[in-house]
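In this note's numbering, the protein residues as written are 1 to 81.
Working notes, structure below.
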Amino acid sequence: MSTIALSYKAVKLMKLCDIEGFQSLDDLLLVVALKDSACPAICITEGCDHTANMEPDQDQGFCEACGGNTVVSVLVLAGLI
Ligand SMILES: [Zn+2]
Numbered sequence: 001m002s003t004i005a006l007s008y009k010a011v012k013l014m015k016l017c018d019i020e021g022f023q024s025l026d027d028l029l030l031v032v033a034l035k036d037s038a039c040p041a042i043c044i045t046e047g048c049d050h051t052a053n054m055e056p057d058q059d060q061g062f063c064e065a066c067g068g069n070t071v072v073s074v075l076v077l078a079g080l081i
C-alpha cells in the first residue's frame, strides 16, 4: 500500500464520519465498538460515497449505488481488523 492509498482511505473515513454525523473518527469507532452487530461502511470507489451497514470485517460489500463489490467497513478502513 502506498501513501496515496492511505490518504485516500483517510478521505473516505472522514467522509463516512461526516455522513454518519460524527465529529471525529474516534467518536465513530467508539460507537462501533459498543455495539457488536452491523457497522457503518462506505463505498471506496472514487466519486461514489454510498454508505451501508455491513459486517465489521466486510471489505468487499456490494454497493447498491455503483454496482461494485467495493463497500468497506469503517473498522477495515481504519486498519483495526
Ligand atoms: Zn459505490
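For each residue, glycine too, the CB sits at the ideal point set by N, CA and C.
Taking a 10 Å sphere around the C-beta of residue 12, we find 16 or more other C-beta atoms and assign the residue as buried. In the DSSP assignment, the residues bridged to residue 39 are 54. Rounded to whole angstroms, the separation of the alpha carbons of residue 70 and residue 32 is 20 Å. When the beta-carbon positions are compared, residue 40 and residue 25 stay at least 8 Å from each other. Closest in alpha carbon position to residue 54, among 75, 45 and 46, is 75. Straight-line measurement puts the Cα of residue 49 at about 8 Å from the Cα of residue 15. Residue pairing for residue 31: DSSP places it in no beta bridge. In this structure, the straight-line span from the alpha carbon of residue 59 to that of residue 72 is close to 4 Å.
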